[in-house]
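Enquirer: Supplied in structure tokens, the structure appears directly below.
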Amino acid sequence: MTVFVSRDKINSGFTSKVQRLADQNLMSCYQCGKCSAGCPMAAYMDIPPNQMIRLAQLGMEDELLDSEAIWLCVSCMTCNTRCPKGVRIAELIESMRQIKLRARQDHLQVEKISEADLRAIPPIALIGSMRKFTS
Amino acid sequence: MKLSYFPGCTLKNHARNFEDSTLYAMDKLGVEAVELDRWNCCGTVFSLSADDLMRQVAPIRNLLRTRERGDSQLMTGCSMCFNTLKRANNRARANEEDLASMNTFMYDEPVDYAGDVDVLHVLEVVRDQIGFDAIRERVVKPLEGLRVACYYGCMLVRPNEAAIDDAENPRVLEDLITVLGGEPVDFSHKTECCGAHQTVDKPEIIADKTYEILGSAKAQGADTVAVSCPLCAFNLDHRQEATLKIHSDFHTMPVVYFSQLMAIALGGSESVLRLDLHHTPPGPLLTGKGLL
């Protein structure tokens, strides 16, 4: 992926918004890659977790908010547990989902879940999915 | 010993096998689990946003219900409920201002929450309060010859402040299987995520995860995988059909709750196991080992 870094993006306020929502310091990350190495969803992501952090440091709002990756994270906390710098990556990714959801841009279309699935899938999964993917 | 008990939504329907076997085993071990009168959904996932205090209120209300019973401990079996309740409690305890805000939200509650209830998982009660030695004495049908891969998933062991055991190499389930007379099998995927709620709109990812996790257990010679989370159970058991469609070399395998193995070893009849709720039936395996 080619990324153009610009002063405008870096100063856009996106980085501080993400940090504030997650209560994390993005600048602690030194790109060791441990989060992506252990991530069970990294293989399905268009942007792996360590790159999400780097893009967030650089204020790349559109690249991150339009990615599939922010919706693939399931908050399993493997990254958080292994980060040598104590960065809570799961919280940072949640904050990006929240920026979308608080603008009423839901990821899950609940009305498209079939009757059969609604019966078969346990409430724990349905509620978890709605909590993570709807506003 | 009496303990306040929070079942959570899924143990009352899809995971009846988990609840019935847990309550049976606890009763056999001298623990009376008293279900909270007016429990509400914990929210299933802990809210990770710094400013999202409103979402901490649902789990905290259950801790208030516990206090109303005059109890200071709340036990739950579901890993997700445990994690959500415990982390909300941690957050309330860690920050007085946050706790005050939560109490303001709950203006309709007769008393404020003071952070004075401990959240316990059934496995913690088993290990720390009942003790493995006491369990060994009560085993009437040892799980002889049963090779069990113990699967922890995420919510029992992560993050560290909510974990019941080591995040990378937990042992509590293996220790339990050993005292029940079974043979724990070590495998590489015991704390690897099953894909969780992606099961709703991306079941194909769950199929991959089930293939990897159960394949890893099978490669180590496991007969079955024991779990403690109804979502892991659904993904690893009920998604085996989807797994077979994508991975033709996948071998189906029964998935059970640790509590069902406890119930068997402690003399429970088949009725408390509710094997009808499983997708891949554990019946043939258990019968073959002389356990049914």
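Read top to bottom, the protein sequences are chains V and U.
Per my numbering, the first sequence starts with residue 1, numbered consecutively.
Per my numbering, the second sequence starts with residue 1001, numbered consecutively.
From the three backbone atoms N, C-alpha and C, an ideal C-beta is built for every residue, glycine too.
Nothing here was measured: the structure is a model prediction, and the numbers come from that model.
Would you check if there are 3 or more beta carbon pairs closer than 8 Å linking the region 1011-1028 of chain U to the region 1053-1061 of chain U?
Expert: No: fewer than three Cβ pairs fall under 8 Å.
Enquirer: Is residue 1281(U) helix, strand or coil when you go by DSSP?
Expert: Taking the first residue of the second sequence as position 1, residue 1281(U) is located at position 281. Residue 1281(U): coil per DSSP, three-state reduction.
Enquirer: Give the list of continuous beta strand (DSSP E) stretches no shorter than 3 residues that lie fully inside the region 1114-1201 of chain U.
Expert: As far as the region 1114-1201 of chain U is concerned, its whole beta strand (DSSP E) runs of at least 3 residues are 1118-1121, 1147-1150 and 1183-1185.
Enquirer: Beta-carbon within less than 6 Å of residue 34(V)'s beta-carbon, same chain only, minus the 5 sequence neighbours each way: which residues are those?
Expert: By one-based count along the first sequence, residue 34(V) stands at place 34. Around residue 34(V): 82.
Enquirer: Would you call the CB atoms of residue 1207(U) and residue 1243(U) closer than 7 Å?
Expert: Here residue 1207(U) is taken as the residue at index 207 of the second sequence, counted from 1. Here residue 1243(U) is taken as the residue at index 243 of the second sequence, counted from 1. Their beta carbons are under 7 Å apart, which means residue 1207(U) touches residue 1243(U) by this criterion.
Enquirer: With burial defined as no fewer than 16 other Cβ atoms inside 10 Å of the residue's Cβ, what is the status of residue 1104(U): buried or exposed?
Expert: Position 104 of the second sequence, counted from the first residue, corresponds to residue 1104(U). Result: exposed.
Enquirer: Mind checking which residues open and close the beta strand (DSSP E) that includes residue 1004(U)?
Expert: Walking along the second sequence from the start, residue 1004(U) turns up at place 4. Unbroken beta strand (DSSP E) run through residue 1004(U): 1002-1006.
Enquirer: Please compile the residues from chain U whose C-beta is within a distance smaller than 9 Å of the C-beta of residue 158(V).
Expert: With chain V running from 1 to 135 in the structure shown, residue 158(V) is simply not present.
Enquirer: If contact means a Cβ-Cβ distance below 8 Å, which residues of the region 1002-1014 of chain U contact chain V?
Expert: If the cut-off is 8 Å between Cβ atoms, the region 1002-1014 of chain U has 1008, 1009, 1010, 1013 and 1014 near chain V.
Enquirer: By alpha-carbon positions, which one of 1067(U), 1217(U) and 1253(U) ends up nearest to residue 1116(U)?
Expert: Position 116 of the second sequence, counting from 1, holds the residue named residue 1116(U). Ranking the options by Cα distance to residue 1116(U), first place goes to 1067(U).
Enquirer: Taking Cβ-Cβ distances shorter than 7 Å, what residues in chain U pair up with residue 74(V)?
Expert: As a working note, residue 74(V) is residue 74 in the first sequence. Near residue 74(V) (Cβ distances below 7 Å), the residues of chain U are 1193, 1195, 1196, 1197 and 1198.
Enquirer: Would you kindly work out how many angstroms separate the C-alpha atoms of residue 1017(U) and residue 28(V), rounded to a whole number?
Expert: Numbered from its first residue, the second sequence carries residue 1017(U) at position 17. Numbered from its first residue, the first sequence carries residue 28(V) at position 28. When rounded, the distance between both Cα atoms is 45 Å.
Enquirer: Quick one: residues in its chain with C-beta nearer than 6 Å to the C-beta of residue 1120(U), no 5 flanking neighbours on either side, listed in chain order?
Expert: Reading the second sequence from its first residue, position 120 is the one you call residue 1120(U). If we look at residue 1120(U) and ignore the five residues flanking it on each side, its Cβ neighbours are 1073 and 1075.
Enquirer: For residue 123(V) and chain U, any beta-carbon pair shorter than 7 Å?
Expert: Indexing the first sequence from 1 puts residue 123(V) at position 123. Closer than 7 Å to some Cβ of chain U, the Cβ of residue 123(V) qualifies, so yes.
Enquirer: Just checking: is the beta-carbon of residue 1205(U) within a distance shorter than 7 Å of some beta-carbon in chain V?
Expert: Residue 1205(U) sits at position 205 when you count from the first residue of the second sequence. Interface residue, yes.
Enquirer: Helix, strand or coil for residue 1044(U)? Go by DSSP, reduced to three states.
Expert: As a working note, residue 1044(U) is residue 44 in the second sequence. Here residue 1044(U) sits in coil by DSSP.
Enquirer: Who are the near neighbours of residue 1233(U) in its chain, counting only those whose CB is closer than 8 Å to its CB and skipping five residues on each side?
Expert: In the second sequence, the residue the question calls residue 1233(U) occupies position 233. Same-chain partners within the cutoff: 1015, 1018, 1227, 1255 and 1257.
Enquirer: Sorted by chain position, which residues of the same chain lie with C-beta nearer than 8 Å to residue 1139(U)'s C-beta, five sequence neighbours on each side aside?
Expert: In the second sequence, the residue the question calls residue 1139(U) occupies position 139. Once the five neighbours on either side are set aside, the close Cβ partners of residue 1139(U) are 1179, 1180, 1181, 1265 and 1266.
Enquirer: Could you list the residues in the region 83-97 of chain V with a C-beta less than 7 Å from some C-beta on chain U, going in chain order?
Expert: Those residues of the region 83-97 of chain V that come within reach of chain U (Cβ to Cβ, closer than 7 Å) are 90, 91, 94 and 95.
Enquirer: Between the C-alpha atoms of residue 1032(U) and residue 1002(U), what's the straight-line distance to the nearest angstrom?
Expert: Indexing the second sequence from 1 puts residue 1032(U) at position 32. Indexing the second sequence from 1 puts residue 1002(U) at position 2. For residue 1032(U) and residue 1002(U), the distance between alpha carbons rounds to 5 Å.
Enquirer: Determine whether the Cβ of residue 106(V) lies closer than 7 Å to any Cβ atom of chain U.
Expert: Stepping through the first sequence from its first residue, residue 106(V) is reached at position 106. Not closer than 7 Å to any Cβ of chain U, the Cβ of residue 106(V) fails to qualify, so no.
Enquirer: Using DSSP with H/G/I as helix, E/B as strand and the rest coil, what is residue 57(V)?
Expert: Counting from 1 along the first sequence, the entry for residue 57(V) is found at position 57. Reduced to three states, the DSSP call for residue 57(V) is helix.
Enquirer: Would residue 30(V) pass as an interface residue toward chain U - the criterion being a Cβ-Cβ separation below 7 Å?
Expert: Taking the first residue of the first sequence as 1, we reach residue 30(V) at position 30. So, not an interface residue.
Enquirer: Restricting to Cα atoms, I'd like to know which of 8(V), 70(V) and 112(V) is closest to residue 58(V).
Expert: For the purposes of this step, residue 58(V) is taken as the residue at position 58 of the first sequence. Considering only alpha carbons, the answer is 8(V).
Enquirer: For residue 1118(U), which residues in the same chain have their Cβ closer than 6 Å to its Cβ, ignoring the five residues on either side in sequence?
Expert: As a first step, residue 1118(U) must be located in the second sequence, where it is residue number 118. Result list for residue 1118(U): 1073, in chain order.
Enquirer: Do you know how far the Cα of residue 97(V) is from the Cα of residue 125(V)?
Expert: If you number the first sequence from 1, residue 125(V) lands on position 125. If you number the first sequence from 1, residue 97(V) lands on position 97. In a straight line, the C-alpha of residue 125(V) is about 18 Å away from that of residue 97(V).
Enquirer: Of all the options 1205(U), 1183(U), 1203(U) and 1238(U), which has the alpha carbon lying nearest to the alpha carbon of residue 1174(U)?
Expert: In the second sequence, the residue the question calls residue 1174(U) occupies position 174. Closest option to residue 1174(U), Cα to Cα, is 1183(U).
Enquirer: How far does the alpha helix (DSSP H) with residue 1073(U) in it reach, from first residue to last?
Expert: Here residue 1073(U) refers to the residue found at position 73 of the second sequence. Not the alpha helix (DSSP H): residue 1073(U) falls in the beta strand (DSSP E), residues 1073-1076.
Enquirer: For residue 1164(U), tell me which candidate among 1238(U), 1127(U), 1288(U) and 1088(U) has the shortest Cα-Cα distance.
Expert: Here residue 1164(U) is taken as the residue at index 164 of the second sequence, counted from 1. When each option's Cα is compared against that of residue 1164(U), the closest is 1127(U).
Enquirer: Pick helix, strand or coil for residue 1257(U), following the three-state DSSP scheme.
Expert: For this step, residue 1257(U) is matched to residue 257 along the second sequence. In the structure shown, residue 1257(U) sits in a strand (DSSP, three-state: E or B).
Enquirer: If residue 78(V) sits next to residue 110(V), beta carbons under 8 Å apart, how far is it from one beta carbon to the other, in whole angstroms?
Expert: Numbered from its first residue, the first sequence carries residue 78(V) at position 78. Numbered from its first residue, the first sequence carries residue 110(V) at position 110. 28 Å between Cβ atoms; not a contact.
Enquirer: On the premise that residue 1200(U) lies in contact with residue 1177(U), defined as a C-beta separation below 8 Å, what is that separation, rounded to the nearest angstrom?
Expert: By one-based count along the second sequence, residue 1177(U) stands at place 177. By one-based count along the second sequence, residue 1200(U) stands at place 200. So it is not a contact: roughly 31 Å between Cβ atoms.
Enquirer: Taking C-beta pairs closer than 7 Å, name the residues in chain V that residue 1160(U) reaches, listed in chain order.
Expert: Position 160 of the second sequence holds residue 1160(U). By Cβ distance, chain V contributes 81.
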